[in-house]
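Numbers given in this note's numbering equal positions in the sequence shown, counted from 1, plus 10.
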Amino acid sequence: EVSSIAGLQLEVSPALAVNGQALRTQPIVRVLSLSSNTLLASRHVVTARLISSSSCKGIGSASNLEMSVTAQQGRAVFSDISIFAEAGFCSLQFLISLGDNGSAPFVSVDSQPIYVMQNSPSLTLQTHL
């Protein structure tokens, strides 16, 4: 039941972003009851929304600003979030609607800023003979 939702908690925070590639650490969001327990019966839609600066262009695609998954047993497990951005920091907001048909009010939790790299880091080894 939506009215019993008190909040959201990041169980696993999103991290390690390379422009346009899937996050190396995908987020998991817990749906919490009034007593701060995981609502195991919760199968509500949790939306991830890009909320940062103008250098952050999209989530999942270069023009999309949000994507959603359905929580299973009170946990929303995202598996394919990618951030499209110029080098810099972006943040995600995770939210669930308490209203009818996805309307306000909302309960949300924000991620810490995620640094988005332009290229995957690489390691070059040189040997001297």
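We treat Cβ as the ideally placed atom computed from N, Cα and C, and that holds for glycine.
Model, not experiment: these values are computed from the prediction.
For residue i, which residues does DSSP report across the bridge?
i     : result
Ile69 : Ile93
Thr80 : Val55
Gln19 : Arg40
Just the C-alpha distance for residue i and residue j, rounded to the nearest angstrom, thanks.
i      : j      : result
Thr35  : Ala25  : 5 Å
Ala27  : His138 : 34 Å
Gln19  : Gln136 : 45 Å
Ile61  : Ser121 : 10 Å
Ala59  : Ile124 : As written in the sequence, residue 59 is Arg, which differs from the Ala given in the question. The straight-line gap from Cα to Cα measures roughly 13 Å.
Asp90  : Thr80  : 14 Å
Phe104 : Asn129 : 26 Å
Beta-carbon within less than 7 Å of residue i's beta-carbon, same chain only, minus the 5 sequence neighbours each way: which residues are those?
i      : result
Pro115 : Leu108, Gly109
Lys67  : Phe94, Ala95
Let me know if residue i comes out buried or exposed under the rule of 16 or more other beta-carbons within 10 Å of its beta-carbon.
i     : result
Ser45 : exposed
Arg40 : buried
Val55 : exposed
Ala97 : exposed
Leu42 : buried
Leu50 : exposed
Report the three-state DSSP secondary structure of residue i (helix, strand or coil).
i      : result
Ser43  : strand
Ser107 : strand
For residue i, which residues from the same chain have a beta carbon less than 6 Å from its beta carbon, with the 5 sequence-adjacent residues on both sides left out?
i      : result
Met127 : Val28
Grab me the residues of residue i's own chain with a C-beta within less than 8 Å of its C-beta, minus the 5 sequence neighbours each way, in chain order.
i      : result
Ile38  : Leu20, Glu21, Val22, Arg85, Ala86, Val87, Phe88
Val117 : Ile15, Ala16, Gly17, Leu18, Leu105, Ile106, Leu108
Ile69  : Ala58, Arg59, Leu60, Leu75, Glu76, Met77, Ile91, Ser92, Ile93, Phe94, Leu102
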